[in-house]
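K.L.:
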Amino acid sequence: MSACHNTKEIASTDNTLAKSNITEEIERTEFEKIYKNETYNQQIKTLLCHKIQDELSLPFLNLNAEDQLLVSFDDLDADIKDYYYTIIHCNSDWTASDLMQSEYISGFTDEPITDYEFSFNTLQQYTHYSFSFPTEEMKALLSGNYVFKIFEEGGKTVAYKRFMILETKVTIEAQVRRATLAEDRNTKHEIDFTIKHPNLVVADPFSDIKVTIKQNNKEDNAITDLTPIFVKNNELVYDYEDDNTFWANNEFRHFDIKSLRFQSDRIKAITYDSTYNHVYLFKDRKRPFDRYSIEPDINGKFLIKSQEGWKSSIEADYAFVHFTLPIDHISYGDLYILGEFSDWELKKDFKLEYNNEQKQYGGSIYLKQGYYNYHYALN
5 MSACHNTKEI
15 ASTDNTLAKS
25 NITEEIERTE
35 FEKIYKNETY
45 NQQIKTLLCH
55 KIQDELSLPF
65 LNLNAEDQLL
75 VSFDDLDADI
85 KDYYYTIIHC
95 NSDWTASDLM
105 QSEYISGFTD
115 EPITDYEFSF
125 NTLQQYTHYS
135 FSFPTEEMKA
145 LLSGNYVFKI
155 FEEGGKTVAY
165 KRFMILETKV
175 TIEAQVRRAT
185 LAEDRNTKHE
195 IDFTIKHPNL
205 VVADPFSDIK
215 VTIKQNNKED
225 NAITDLTPIF
235 VKNNELVYDY
245 EDDNTFWANN
255 EFRHFDIKSL
265 RFQSDRIKAI
275 TYDSTYNHVY
285 LFKDRKRPFD
295 RYSIEPDING
305 KFLIKSQEGW
315 KSSIEADYAF
325 VHFTLPIDHI
335 SYGDLYILGE
345 FSDWELKKDF
355 KLEYNNEQKQ
365 YGGSIYLKQG
375 YYNYHYALN
């Protein structure tokens, strides 16, 4: 009996060591990788990261606070897989830092994802996985940029998802206003700000402080590498006229597919076959010279919701959403759908194709029920 017990114990130890090696040994090429919100499996959909009970929140935590992030995703294979996650500490440019995991993780360096549910009463079957962070078993020791790395047993990476852990060491006084330059005054926003650091020693304010300004948490037009214009009395002043401006743009377009039974204001038709739901939006119109109009939006985000169910995480269905934009063909670039649901990137699944006969761009995206904001974007 003791021999059998020892064999199991050795096998268990070997498995633990193997799993530890998977998470502790980050390949050399990963130190050069710029981590983004990415999935590497077409069957993985709707990867979300937000504070618990606040689905529209940014993926930020305060160091040593009580709040938690909830990470979730759907596997359209609709089976049960052994998924795990770990966290990777990153530099300001989202490359992996040179810290060992033991330097920034308290507890286990990876955890199994054990919370899963099967979809209920949906045409598209899926398995919904979720986990919260931090836990008693795994916590972050340092503030900074991080990514969740989700992987299968054996180490194959499934997805990366960015998040941040904050630690208040300075105060920032910021002002958003119309651009200073006359030619930009009606089209751009300017962000002026001052960093006050009375309790933080900054030896070289031009290299020690890394500033990033994002518009609606977008990555494609983030402003980086700003240095202070003035340095005085523990204050760093960033008061530019051009380098700190964003195009104001129109409000986001939207569509509402919380119901697949009833058509909302932007829905032309809803159909389904034995395999998929299809939602056809009314044709969009170009609006480059429209006067700015205030319309409610959620700043490019999306919210998963099913009006026909009690638990949207497993009762919201999927549908192909069909977009149409009747404009002349653009010869100097490709047209994409852009929003938080595309991770603010121009991805091939969000690219529109031009129909010469109908003189319009069109395309479809497979999305979970909810409310979505989006833009059209040219690369």
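Going by this note's numbering, the first residue of the sequence shown is number 5, and it counts up by one from there. Here a beta-carbon is modelled for each residue, glycine too, at the ideal position from N, C-alpha and C.
1) Given a threshold of 16 other Cβ atoms within 10 Å of its Cβ, counted over all protein chains shown, does Leu-371 qualify as buried or as exposed?
2) Give me the DSSP bridge partner(s) of Val-180.
3) Start and end of the alpha helix (DSSP H) containing Gln-105?
4) Whole angstroms are fine: how far does the CA of Tyr-88 sit from the CA of Lys-49?
5) Let me know the secondary structure DSSP gives Glu-156 once reduced to three states.
6) Please return the same chain residues whose Cβ sits closer than 7 Å to the Cβ of Ser-263, not counting the five positions on each side in sequence.
7) Please classify Gln-362 as buried or exposed, where buried requires at least 16 other C-beta atoms within 10 Å of its C-beta.
8) To the nearest whole angstrom, what separates the beta carbons of Phe-250 and Tyr-378, a pair I think is in contact under 8 Å?
9) Given a cut-off of 7 Å, decide if Val-151 and Arg-166 are closer than it, judged by their beta-carbon atoms.
10) Taking a contact to mean a Cβ-Cβ separation below 7 Å, would you say Asp-208 touches Asp-243 in this structure?
11) Could you check whether Ala-226 and Lys-218 sit closer than 7 Å to each other, using their CB atoms as the reference points?
12) If you follow the beta strand (DSSP E) that Ile-91 is in, where does it begin and where does it stop?
13) Inspect the beta-carbon positions of Asn-41 and Trp-98 and report whether they are closer than 7 Å.
14) Counting Cβ pairs closer than 8 Å, one from the stretch 275-282 and one from the stretch 328-337, do we hit at least three?
15) Go ahead and pull the three-state DSSP assignment for Ala-252.
16) Under 7 Å between the Cβ atoms of Asp-269 and Gln-128?
17) With burial defined as no fewer than 16 other Cβ atoms inside 10 Å of the residue's Cβ, what is the status of Lys-352: buried or exposed?
18) Classify Glu-344 as buried or exposed, calling it buried when 16 or more other Cβ atoms lie within 10 Å of its own Cβ.
19) If Gln-47 and Asp-86 are in contact, beta carbons under 8 Å, what's the gap, nearest whole angstrom?
20) For the alpha helix (DSSP H) that Ser-263 lies in, which residues bound it at each end?
21) Flag this pair as yes or no: are the beta carbons of Val-174 and Ile-199 separated by less than 7 Å?
22) Taking the runs of the alpha helix (DSSP H) that are 4 residues or longer, which of them lie wholly in the stretch 297-321?
23) Apart from the five residues on each side of it in sequence, which residues of its chain come closer than 6 Å, Cβ to Cβ, to Thr-275?
24) Comparing C-alpha positions only, which one of Glu-319, Ile-233, Tyr-284, Ile-117 sits nearest to Val-75?
25) Apart from the five residues just before and just after Ser-136, which ones in its own chain have a Cβ nearer than 8 Å to its Cβ?
P.N.:
The structure says:
1) Buried, because 16 or more other Cβ atoms sit within 10 Å of the Cβ of Leu-371.
2) According to DSSP, which records beta bridges pairwise, Val-180 is partnered with Ile-195.
3) 105-108 is the span of the alpha helix (DSSP H), which, as asked, contains Gln-105.
4) Cα-Cα distance, rounded: 17 Å.
5) Correct three-state label for Glu-156: strand.
6) Excluding residues within five positions, the ones whose Cβ falls inside 7 Å are Gln-311, Glu-312.
7) With fewer than 16 Cβ atoms within 10 Å of its Cβ, Gln-362 is classed as exposed.
8) Rounded to the nearest angstrom, the Cβ distance from Phe-250 to Tyr-378 is 18 Å, too far for a contact under 8 Å.
9) Yes, these two residues count as a Cβ contact at 7 Å.
10) No, they are not a contact pair.
11) With respect to the 7 Å criterion, Lys-218 and Ala-226 are classified as neighbours on the basis of their beta carbons.
12) First-last of the beta strand (DSSP E) with Ile-91: 87-94.
13) Result no, Cβ atoms of Asn-41 and Trp-98 do not sit closer than 7 Å.
14) Taking 8 Å as the limit for Cβ pairs, the verdict is that the stretch 328-337 does not touch the stretch 275-282.
15) In the structure shown, Ala-252 sits in coil (DSSP, three-state: anything other than H, G, I, E or B).
16) Not in contact: Asp-269 and Gln-128 (Cβ atoms no closer than 7 Å).
17) Counting Cβ neighbours within 10 Å, Lys-352 comes out exposed, since fewer than 16 surround it.
18) That one is buried.
19) Between Asp-86 and Gln-47 the Cβ distance is about 15 Å, and since that is not below 8 Å, they are no contact.
20) That residue, Ser-263, is in no alpha helix (DSSP H); it is neither H nor E in DSSP.
21) In this structure, Ile-199 lies closer than 7 Å to Val-174 by Cβ.
22) Segments of the alpha helix (DSSP H) lying fully in the stretch 297-321: 316-319.
23) Same-chain partners within the cutoff: His-282.
24) With respect to the C-alpha of Val-75, the residue from Glu-319, Ile-233, Tyr-284, Ile-117 having the closest C-alpha is Ile-117.
25) Within the same chain, Ile-56, Gln-72, Leu-73, Leu-74, Val-75 come within 8 Å of Ser-136 by CB-CB distance, once the 5 residues on both sides are set aside.
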